[in-house]
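**Q** Residue 377 is where the sequence shown ends in this note's numbering, and the numbering goes up by one at each step. Every residue, glycine too, gets a C-beta built ideally from N, C-alpha and C.
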Amino acid sequence: MINKTTAQQIVDTVKDVCGHDINFINEKGLILASTNPSRIGTFHEGGQKVISAGTTLEVFESDTLLGTQKGVNIPVYHKGSLAAVIGISGDPQEVRIYAHLAERITLLLIREQELNAASRTLAEKKNHLLQLLLSNDRELTARLSEELKAFHINPRTPKRIFLMEFKASSSPESISSLETDIYHFLETLPQCLYSYQYPHTFTVLFDSSDLKEIKGRLSSFVSSRKENLKVGIGSAEELPKLGSSLYTAKTALNTLRFSEHQISLFDELNLEILLADIDEIHRKSFLKKSLQKLSPEDIQLLRTYFQESCSLLHTCQKLFLHKNTLQYKLNRIHRLCGLNPRNFHDSVILYLAVKLLDIPGEEPFDDTTLHNDTILP
1 MINKTTAQQI VDTVKDVCGH DINFINEKGL ILASTNPSRI GTFHEGGQKV
51 ISAGTTLEVF ESDTLLGTQK GVNIPVYHKG SLAAVIGISG DPQEVRIYAH
101 LAERITLLLI REQELNAASR TLAEKKNHLL QLLLSNDREL TARLSEELKA
151 FHINPRTPKR IFLMEFKASS SPESISSLET DIYHFLETLP QCLYSYQYPH
201 TFTVLFDSSD LKEIKGRLSS FVSSRKENLK VGIGSAEELP KLGSSLYTAK
251 TALNTLRFSE HQISLFDELN LEILLADIDE IHRKSFLKKS LQKLSPEDIQ
301 LLRTYFQESC SLLHTCQKLF LHKNTLQYKL NRIHRLCGLN PRNFHDSVIL
351 YLAVKLLDIP GEEPFDDTTL HNDTILP
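#1: Please state whether the Cβ-Cβ distance between E103 and I86 is less than 7 Å.
#2: Have a look at N116 and I281 and give me their C-alpha separation to the nearest angstrom.
#3: If you draw a straight line from the C-alpha of F206 to the C-alpha of L178, how long is it?
#4: Mind checking N254: buried by the 16 CB within 10 Å criterion, or exposed?
#5: Assuming I2 and L109 are in contact, meaning their beta carbons sit under 8 Å apart, how far apart are those beta carbons, in whole angstroms?
#6: Could you check what DSSP says for T6 in three-state terms: helix, strand or coil?
#7: Less than 8 Å between the CB atoms is what I'm expecting for I263 and S209, so what's the real figure, rounded?
#8: Bridge partners of P75, per DSSP?
#9: For N23, write down the residues that DSSP places opposite it in a beta bridge.
#10: Assuming contact is defined by CB atoms lying nearer than 7 Å, are N154 and G243 in contact in what I supplied?
#11: Along the beta strand (DSSP E) that carries T248, what are the first and last residues, could you check?
#12: Over the uninterrupted beta strand (DSSP E) stretch that includes Y194, give me the two end residues.
#13: Under 6 Å Cβ to Cβ from D298, same chain only, skipping five residues before and after it: list those, please.
#14: Given a cut-off of 7 Å on the beta-carbon distance, is the pair V72 and V50 in contact?
#15: Under DSSP, the beta strand (DSSP E) around R160 begins and ends at which residues?
#16: Just mark F37 as buried or exposed, buried being the case when its beta carbon has 16 or more other beta carbons within 10 Å.
#17: Drop a sphere of 10 angstroms on the beta-carbon of N228, count the other beta-carbons inside from all chains shown, and report buried for 16 or more, exposed for fewer.
#18: Cβ atoms of Y196 and V204: under 7 Å apart, would you say?
#19: Let me confirm a value: L130 is counted as buried when at least 16 other C-beta atoms fall within 10 Å, else exposed. Which label applies?
#20: Do you know offhand how far A7's Cα is from P341's?
#21: Can you tell me which residues form a DSSP beta bridge with F202?
#22: Throw me the rounded Cβ distance for the L356 and R283 pair, which I believe falls under 8 Å.
#23: Answer with buried or exposed for D358, where buried requires no fewer than 16 other C-beta atoms within 10 angstroms of its C-beta.
#24: Using the C-alpha atoms, what's the distance from R111 back to T201?
#25: Would DSSP call F320 helix, strand or coil?
#26: Please say whether S224 and I161 have beta carbons closer to each other than 7 Å?
#27: Check each candidate in L101, L294, Q327 and L274 and name the one with the smallest Cα separation from C18.
#28: From D277, L256, A252 and L313, pick the residue whose C-alpha is nearest to that of F266; which is it?
#29: If I'm right that I214 touches L189 with Cβ under 8 Å, what's the distance once you round it to whole angstroms?
#30: If we ignore side chains and look at the alpha-carbon of each, how far apart do E362 and R143 end up?
#31: Quick check on this structure: which residue in L133, L65 and G54 has the alpha carbon closest to the alpha carbon of G80?
#32: Just curious, the beta strand (DSSP E) that K226 is in, first and last residue?
#33: Compute the beta-carbon to beta-carbon distance between L381 and A249, rounded to the nearest angstrom, for a pair I have assumed lies under 8 Å.
#34: Mind reading off the beta-carbon distance from V354 to R303? Whole number of angstroms is fine, and I expect it under 8 Å.
#35: Who are G338's beta bridge partners in DSSP?
#36: Under the rule that 16 or more other beta-carbon atoms within 10 Å means buried, what is A236, buried or exposed?
Right under this line is the structure:
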């Protein structure tokens, strides 16, 4: 009843609320979706017991059942049939309420899926059509031409995907209000399809020939919502390769983690493409090898030095330093970390390290943590 993508959205949403790992278990006792990716596809004995008994199972000690940790495993029934089992890790007394929350969300989504296709709103039809196009099924894409024309979309011209990600902030605007504004904004865009991936992402298809206009409108819309919105725009692709535009839109969006900008166009990216895909373990390892012995003041000096294209004159002017003082500080950095900012090869390494340092990690990580020997797992 619930597909893998929807199941993953359920567990991610509940974890955002409670902070505990969640498993979505299918009728065979296999984990369909999980906030711990390594568990997806594995057997969950506790879930199987729930399926067999038809009742909630609370486990008070880990590893007493295969693939099962301490927590609550609750069956989800719809119209008298078992739809899934929700498992949540933690003290049963503490997490029981969140298991019921996941159960309610699952039932709501099942009922939503049961809506007759004929009763879909215009937005729902656009959502459904876009999801079909993103399936990368060439034969299916060819059959959707007439449906695209009904939305005044030319199936023969290259298309792009942009992803708009929104989040709560310190601004007074509520998430629901922001979401409504986004819907209204998307309705004004020419020849577009869009879908909403709960809880915080819109996927939008538009004609590549409209890039300049779309980007301009996006800039105006997000400019007053600097704390709330980020947009990644993918490459131009023919409809059968639309998945490639989605992939590059995700890459563009990821680059905004270490940028002050709100919009990123994949076509304009260079080094950022590589930096966006470096995982947390390798990022921390590289930073430890290159910057660990430097102080926050040293790193800020390097930031300015690279911002001024390694110009001693311009760096001195920016930092109000005498040339001899700057040279002394750069030589000191060389002595401390073994990398010379005035040598091309070494400066490339230091530049990459400073850029990586500006990428927010999964855990708090800033200049001051570089002296901590425990930054690597």
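**A** The short version:
#1: In terms of Cβ geometry, E103 and I86 form a close pair [threshold 7 Å].
#2: With a pLDDT of only 47 at N116, under 50, the local geometry of the prediction cannot be trusted, and no value is derived from it.
#3: Their backbone Cα atoms lie some 22 Å apart in a straight line.
#4: It counts as buried.
#5: Confirmed, about 7 Å.
#6: In the structure shown, T6 sits in a helix (DSSP, three-state: H, G or I).
#7: Contact doesn't hold; Cβ gap of about 19 Å is too wide.
#8: V85.
#9: Note: N23 sits in a beta bridge opposite S34 and G87.
#10: No, the Cβ-Cβ distance between N154 and G243 is not below 7 Å.
#11: Premise fails: T248 lies in the alpha helix (DSSP H), L242 to T255, not in any beta strand (DSSP E).
#12: First-last of the beta strand (DSSP E) with Y194: L193 to Q197.
#13: Within the same chain, D298 has close Cβ partners I333.
#14: Annotated as distal: V72 and V50, with beta-carbon spacing of 7 Å or more.
#15: Per DSSP, R160 belongs to the beta strand (DSSP E) from K159 to F166.
#16: Sequence check: residue 37 is Pro here, not Phe. Looking at its Cβ environment, which holds fewer than 16 other Cβ atoms inside 10 Å, P37 is exposed.
#17: Flag for N228 reads buried.
#18: By the CB criterion at 7 Å, V204 and Y196 fall outside the cutoff.
#19: It is buried - the Cβ of L130 has at least 16 other Cβ atoms within 10 Å.
#20: For A7 and P341, the distance between alpha carbons rounds to 49 Å.
#21: According to DSSP, which records beta bridges pairwise, F202 is partnered with M164 and Y196.
#22: Confirmed, Cβ separation roughly 5 Å.
#23: Answer is exposed; the Cβ neighbour count stays below 16.
#24: Taking the straight line joining both Cα atoms gives about 22 Å.
#25: Note: F320 maps to coil in three-state DSSP.
#26: No Cβ-Cβ contact shorter than 7 Å links I161 with S224.
#27: Nearest of L101, L294, Q327 and L274 to C18, Cα basis: L101.
#28: Residue nearest to F266 within the set D277, L256, A252 and L313 is A252 (criterion: CA-CA distance).
#29: The Cβ separation is near 6 Å, so the contact holds.
#30: Because E362 carries a pLDDT of 37, less than 50, the predicted location of this residue cannot be relied on, and the following value inherits that uncertainty. Computed Cα separation, rounded: 43 Å.
#31: When each option's Cα is compared against that of G80, the closest is G54.
#32: Note, K226: premise wrong, no beta strand (DSSP E); not H, not E.
#33: This structure leaves residue 381 out entirely; the chain is present only between 1 and 377.
#34: Between V354 and R303 a beta carbon distance of about 6 Å is seen, short of the 8 Å cut, so the two are scored as contacting.
#35: None, per the DSSP bridge assignment.
#36: It is buried - the Cβ of A236 has at least 16 other Cβ atoms within 10 Å.
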